[in-house]
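Residue numbers (full-length UniProt numbering): 1 to 606.
Just so it is clear, CB atoms sit at the ideal spot from N, CA and C, and this is done for glycine as well.
Only a predicted model underlies this, so the values are computations on that prediction, with no experimental measurement involved.
These notes are about the structure you will find just below.
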């Protein structure tokens, strides 16, 4: 392992990590007098390729465009401007109308090179890219990362507690081969990334691990599409389900919604909080095992968009395995357009717009009406608009009644599937970590510490027999066939309430009533979405009286859309809410319409 000495400098009011020397910068240094400047020197590179004249108005427009397109570049980098051309052709003529040009650009030079325009730091060694260091007041991240200087396919953990973000000017515009060019992504800390340890929310597990030598397949896909990894986000230990008060090794991230003390929900809460909190994160990666938890739950709690793709649509190689029968990567977005773009790119669909298909059938479970009235009003309003758009009426249905009439199995639906997916998850989670526990004890002479709720789940998993596991797998097959034949027929979308029944604070313990609500009309089979795909969309907000601030605050209100398995391969699921939101003027941004707790008080972090 190589120790990395990091260089940090201040430019204006912000701190910047100085990156590696840019290629082609040494020759540039030789051609302009850096000796006349105090180093490190903030520099702006501006392309003048093809220009014959440089005017103050052109320069002002160029600077304004650069400032508007980037949150890393700032006016303090304009203390020195390098006008760069790719050839040594005659320089453009400077037309200085009065002193306007000199005011904009008191210190400038011509140079030849092929660096991307944008902000840089000049050292004696050459020109260096910069990474703005952004604070993480809501505790979403484990740490920030940058590419390794020695290996562009490897990453290293930065020593600073802030998260480093690169300038958007360093990357070319999106293209068919790189549709996610320059998009900053935060990755849940259950995915291997070359050069980094995978911690999975456990200090014992992280101390036991070596740096990964290969990046998880699904994450490498994103990198190949142009995405830029900026950090790893917190997760419940071993990607399990857990309330905020059950976290021990690390502190649960803070949900920025409402008064800042609402629960961020389950396993992928770090990735959800990162997207909900910071507009310098473009999208984030989570994972999902049971549909009502790791993707849909945090998305609903944090007021963002989340997609749980069909099982098998994305590779889980290189990720912590909870259950190979249920696990899938997923992503969070603030913007409904970005949400669909990432889904189509990641899932391998065409980069061009996908023909939109309206649903042929909308299903709403009868228990849908059991939510609190203020939430129900918003949900019904969205359903009504979707009915108008699709020119169909939604159908209330009872899954138990459908089961009794079609399945020809004597046990009621909820009884037959009461423990199906739980047994699969508990069994697999226990067995998938046997080797870790044994090897850890052999090395350290003691059992690894795990959070008490994880140990409780492992104890349950250890008691399940192979006969019980086989039975659960058979029941899962029955459930999948039943849903495919009678519920998720072609063009069917099932709408479920998502999120907490009422207000759930991070210092609360979840009671039986709330647990029943989480099933959204499916009871213990609510996680049947684990066998399809789930899309969580924001439909509004409702007010509540905060016991934290004593004021009226706002909680996100969400719906979950479930559709036929594999339909997300051609992007239709992510396209349906996108089309609907544009047509009926529902929120397009997951945090646009309301201020959020901590961030309302700390605007400089937003």
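Under 8 Å: do the stretch 485 to 498 and the stretch 551 to 559 share three or more Cβ pairs, one atom per stretch? With a cut-off of 8 Å, the stretch 551 to 559 and the stretch 485 to 498 count as touching, because enough Cβ pairs lie within range.
Beta carbon of residue 53, beta carbon of residue 92: below 7 Å? Annotated as proximal: residue 53 and residue 92, with beta-carbon spacing under 7 Å.
Pull up the distance between the alpha-carbon of residue 6 and that of residue 164, whole angstroms please. Rounded to whole angstroms, residue 6 to residue 164 spans 12 Å at the Cα level.
For the alpha helix (DSSP H) that contains residue 427, what are its first and last residues? For residue 427, the enclosing alpha helix (DSSP H) starts and ends at 420 to 432.
Once DSSP output is grouped into helix, strand and coil, what is the label at residue 392? Residue 392 falls in the coil class under three-state DSSP.
Looking at residue 565 and residue 218, is the spacing between their C-beta atoms short of 7 Å? Against a cut-off of 7 Å, the Cβ pair of residue 565 and residue 218 comes out as no contact.
Which residues in the same chain have their Cβ closer than 8 Å to the Cβ of residue 295, if we skip the five residues on either side of it in sequence? The beta carbon of residue 295 sits closer than 8 Å to the beta carbons of 268, 286, 287, 288, 306, 307, 308, 330, 332, 534, 536 from its chain, once the five residues preceding and following it are set aside; these are given in chain order.
Under a three-way DSSP split, which group does residue 91 fall into? Reduced to three states, the DSSP call for residue 91 is coil.
Tell me whether residue 230 sits in a helix, a strand or coil according to DSSP, three-state version. Strand at residue 230.
Please classify residue 456: is it buried, with 16 or more other beta-carbons within 10 angstroms of its beta-carbon, or exposed? That one is exposed.
According to DSSP, residue 320 sits in a beta bridge with which residue or residues? Residue pairing by DSSP leaves residue 320 without any beta bridge partner.
Am I right that residue 298 and residue 266 are in contact with their C-beta atoms under 8 Å? What's the rounded C-beta distance? For residue 298 against residue 266, the beta-carbon gap comes to about 6 Å, under 8 Å, which counts as contact.
Assuming residue 162 contacts residue 134 (C-beta within less than 8 Å), just tell me the rounded distance between them. That pair is a contact at about 6 Å.
Using only the alpha-carbon positions, how far apart do residue 200 and residue 402 sit? When rounded, the distance between both Cα atoms is 40 Å.
Assumed close pair residue 19, residue 183 - CB separation to whole angstroms, cut-off 8 Å: A Cβ-Cβ separation of about 18 Å leaves residue 19 out of contact with residue 183 under the 8 Å criterion.
Among 450, 345, 150, 471, which one has its Cα closest to the Cα of residue 238? Ranking 450, 345, 150, 471 by Cα distance to residue 238 puts 450 first.
Would you report the Cα separation of residue 488 and residue 360, rounded to the nearest angstrom? Spanning the two alpha carbons is a distance of roughly 11 Å.
Helix, strand or coil: which one does DSSP assign to residue 15? Assignment of residue 15 by DSSP, reduced to helix, strand and coil, places it in the strand class.
Does DSSP put residue 217 in a helix, a strand or coil? In this structure, residue 217 counts as helix in the three-state DSSP scheme.
Since residue 40 and residue 122 should fall inside the 8 Å C-beta cutoff, what is the C-beta to C-beta distance between them, to a whole number of angstroms? The pair is a contact, with the Cβ atoms about 7 Å apart (cut-off 8 Å).
Roughly how far, in whole angstroms, is the beta-carbon of residue 399 from the beta-carbon of residue 365, given that I think they are within contact range, below 8 Å? Indeed they touch by this definition, with Cβ atoms about 7 Å apart.
Inter-residue Cα distance where the pair is residue 244 and residue 465: Distance from the CA of residue 244 to the CA of residue 465, rounded to the nearest whole angstrom, comes to 31 Å.
If we count Cβ pairs, one from each stretch, closer than 8 Å, do we get three or more for the stretch 465 to 479 versus the stretch 421 to 435? Between the stretch 465 to 479 and the stretch 421 to 435 there are three or more C-beta pairs closer than 8 Å, enough to call the two in contact.
Roughly how many angstroms lie between the CA atoms of residue 177 and residue 347, to the nearest whole one? Their backbone Cα atoms lie some 14 Å apart in a straight line.
Measuring CA to CA, which of 404, 539, 447 is closest to residue 386? Of 404, 539, 447, the residue nearest in Cα terms is 539.
Contact belief for residue 69 with residue 168 at Cβ below 8 Å, rounded distance in angstroms: With a Cβ gap of about 6 Å, residue 69 and residue 168 count as contacting.
Residue of 214, 109, 185, 107 minimising C-alpha distance to residue 153: Comparing Cα positions, the closest option is 214.
Using the three-state DSSP reduction, which class does residue 591 fall into: helix, strand or coil? Residue confidence is low: residue 591 scores 47 on pLDDT, short of 50, so the model does not pin down where it sits. Its coordinate-derived value is still stated next. Coil at residue 591, not helix or strand.
Can you check DSSP and say which residues form a bridge with residue 439? Answer is none; residue 439 lacks a bridge partner.
Leaving out five residues before and five after residue 151 in sequence, what residues of the same chain have Cβ atoms less than 8 Å from its Cβ? A distance below 8 Å between beta-carbons, with the five flanking residues on each side excluded, links residue 151 to the following residues of its chain, in chain order: 194, 195.
Pull up the distance between the alpha-carbon of residue 224 and that of residue 230, whole angstroms please. When rounded, the distance between both Cα atoms is 15 Å.
What do you reckon, are the CB atoms on residue 682 and residue 249 nearer than 7 Å? Residue 682 lies beyond the range of the chain shown here (1 to 606); nothing can be said about it.
What separation, rounded to the nearest whole angstrom, lies between the Cα atoms of residue 120 and residue 83? The alpha-carbon separation between residue 120 and residue 83 amounts to approximately 13 Å.
Host alpha helix (DSSP H) of residue 460 (start-end): Unbroken alpha helix (DSSP H) run through residue 460: 452 to 463.
Are residue 187 and residue 227 touching if we call contact CB-CB under 7 Å? No, they are not a contact pair.
What does the alpha-carbon distance come out to for the pair residue 520 and residue 340? Low per-residue confidence applies at residue 520: pLDDT is 34, beneath 50, and the placement is therefore not dependable, though the value from the model is reported in the following sentence. Approximately 25 Å between the Cα atoms of the pair.
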